[in-house]
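Plus 1083 on top of the position in the sequence shown (first one is 1) and you've got the working numbering. Beta carbons are placed, not taken as given, at the ideal position from N, Cα and C, and that holds for glycine.
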Amino acid sequence: MLDPASLYQIEPRVDPRTMRARTLVVTLTSFMDAGRAQGQFDHHVLTTLPHQRVAEFDLDQLVDYRGQRPPITFDADHFVDYEPGRMLMHHLLDEQGAPWLLLSGPEPDLQWERLARSIAQLVEQFDVQTVVLLSAIPMAAPHTRPVSVTRHASDPSLIPGNVPMFPRVQMSASFPSMLELRLAELGHKVVGLTAHVPHYLAQAEYPDATIALIRALSETTGHIIPTTALAVTAEQTQAQVADEVQGSDEAQQLVQALEEQYDQVHQHRPRRGLAAQPEDLPDGDALAREAEAFLRAHNAGDEGEQPDRDQPEGWDGPGV
């Protein structure tokens, strides 16, 4: 069996014998980073909190570049600015000086089991007490209501008061979901936090989702992370979205329908998590038709313009 440690390189200035962190936060992007919540989280904490790089993983061993092609720029007659992805682990201090680790980067295509063993090795080496995986998914939710966060964990005692979204569902695995399982099997405490982003804003930046994840992370671990800068951006985003919705009858009808569904689900349920039963959830086909109508109507006034490839068709609001 190949040595898991050969997948990563510890920074020369880091002494793994003395470095400690009570929490590891994982933001490896899987099939979807709705609202760019994971990316915003990484950028926010790495620009507001003291930190140092601890280790870098060898993506050449982990990524299928034909499936995740890195960007490169062609400048007149030559190529420049090749930007390969990076999987990095940072050591950070929260506002109270408590140490924690952040593992960020793209989801690996290859060697999932070996990478999981590598991460488990680092968790034990740095004496990590709790591993928290952050993610965000598109959901039938309106932007006018608080962002819900689904919680799951290796032990129910880690998420007291949680009401499961579904009793049992089989799905295609992502590396973060497999990592959660493997760490739990080794006896580590693992918590997953997933923010629900309005589906019509899933490809734009939605800071409210990042703020919701930070608050849920604080509740789970006790780490204090400032959100002032994100809150300012979130207010601007909400104002932009409100203007966009106000200009379309279809958009207003869609948001109103989502508000009614959200309020019905949450009326007699705890605020923690989206404790909906399958029969409470809106019909996916109906929502898709409503969303498509919204986007077509919004795009009607922009004939001839090519939408940004990173945004939903017809969307020129937040994140542009």
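* Cross-strand partners of H1282 (DSSP beta bridge) -> Under DSSP, H1282 shares a beta bridge with no residue.
* Does DSSP put S1218 in a helix, in a strand, or in coil? -> Strand, per DSSP.
* **R1136 - partner residues in DSSP beta bridges** => In DSSP, R1136 forms a bridge with H1173.
* To do: Specify, as a first and last residue, the run of the beta strand (DSSP E) that T1106 falls within.
  => T1106 to V1109
* Asked: Going by DSSP, what residues sit across from P1189 in a beta bridge?
  -> DSSP output for P1189 lists T1112 as bridge partner(s).
* Please check the pair S1237 and V1273, which I expect to be a contact at CB under 8 Å, by giving their CB distance rounded to whole angstroms. => Right, their Cβ atoms sit about 4 Å apart.
* Asked: Among I1202, D1116 and Q1179, which one has its Cα closest to the Cα of D1141?
  -> I1202
* The beta strand (DSSP E) with T1156 in it runs from where to where? -> T1156 to D1158
* Would you report the Cα separation of D1291 and D1160, rounded to the nearest angstrom? -> Roughly 43 Å between the two C-alpha positions.
* To do: Answer with buried or exposed for L1284, where buried requires no fewer than 16 other C-beta atoms within 10 angstroms of its C-beta.
  => buried
* **For R1103, the three-state DSSP class (helix, strand or coil)** => coil
* Asked: Quick one: is the Cβ of R1251 within less than 8 Å of any heavy atom of the ligand GDP?
  -> With respect to the ligand GDP, the structure offers nothing, as it holds no ligand at all.
* Can the beta-carbon of S1240 be found less than 9 Å from the beta-carbon of Q1121? -> Between S1240 and Q1121, the CB-CB gap reaches or exceeds 9 Å.
* Asked: When the Cα of H1282 is compared with those of D1177, H1226, A1138 and T1130, which residue comes out closest?
  -> With distances taken between Cα atoms, H1282 lies closest to H1226.
* Could you tell me the distance, in whole angstroms, from the CA atom of T1233 to the CA atom of A1299? => Cα to Cα, T1233 sits roughly 10 Å from A1299.
* 8 Å contact criterion, which Q1131 and A1312 should meet: CB distance rounded -> The identity of residue 1131 in the sequence shown is Thr, whereas the question assumes Gln. Indeed they touch by this definition, with Cβ atoms about 7 Å apart.
* Can you name the residues that DSSP bridges to Q1092? -> E1139
* S1255 to M1115, Cα distance in whole Å? -> Answer to the nearest angstrom: the Cα atoms are 13 Å apart.
* Quick one: what's T1277 bridged to in DSSP? -> S1218 and T1233
* To do: Consult DSSP for V1163 and reduce its assignment to one of helix, strand or coil.
  => strand
* Considering L1300, what are the terminal residues of the alpha helix (DSSP H) in which it resides? -> Residues P1290 to T1304.
* Please report the residue range of the alpha helix (DSSP H) in which S1201 lies. => Segment W1195 to Q1208, the alpha helix (DSSP H) holding S1201.
* To do: Following the continuous alpha helix (DSSP H) through A1322, name the residue where it begins and the one where it ends.
  => T1311 to Q1329
* Asked: With distances taken from CA atoms, which of V1206, Q1135 and R1119 is nearest L1262?
  -> V1206
* To do: Identify the continuous alpha helix (DSSP H) that holds D1346 and give its terminal residues.
  => Start and end: D1332 to H1349.
* Give the C-beta separation of L1175 and V1128 to the nearest angstrom, bearing in mind that I take them to be a contact with Cβ-Cβ under 8 Å. => L1175 to V1128, Cβ: 6 Å. Contact.
* Apart from the five residues just before and just after V1215, which ones in its own chain have a Cβ nearer than 8 Å to its Cβ? -> Taking C-beta separations shorter than 8 Å and ignoring five residues to either side along the sequence, the partners of V1215 in its chain run T1106, L1107, V1108, V1109, V1273, V1274, G1275, L1276, L1300, T1303 and T1304, following chain order.
* V1328 and V1315 look like a contact to me (Cβ under 8 Å); what is the Cβ gap, rounded to whole Å? -> Rounded, the Cβ-Cβ distance is 21 Å, inconsistent with contact.
* Is P1239 helix, strand or coil by DSSP? -> helix
* To do: Give a yes or no on contact between the stretch 1185 to 1198 and the stretch 1240 to 1253, applying the rule of three or more CB pairs nearer than 8 Å.
  => no
* **Residues near P1309 in its chain [Cβ-Cβ closer than 7 Å; skip 5 each side]** => T1131 and E1178
* Asked: Excluding sequence positions up to five away, which residues of its chain have a Cβ less than 8 Å from the Cβ of M1170?
  -> L1111, E1139, F1140, L1142, L1145, L1186, S1187, G1188, P1189 and P1191
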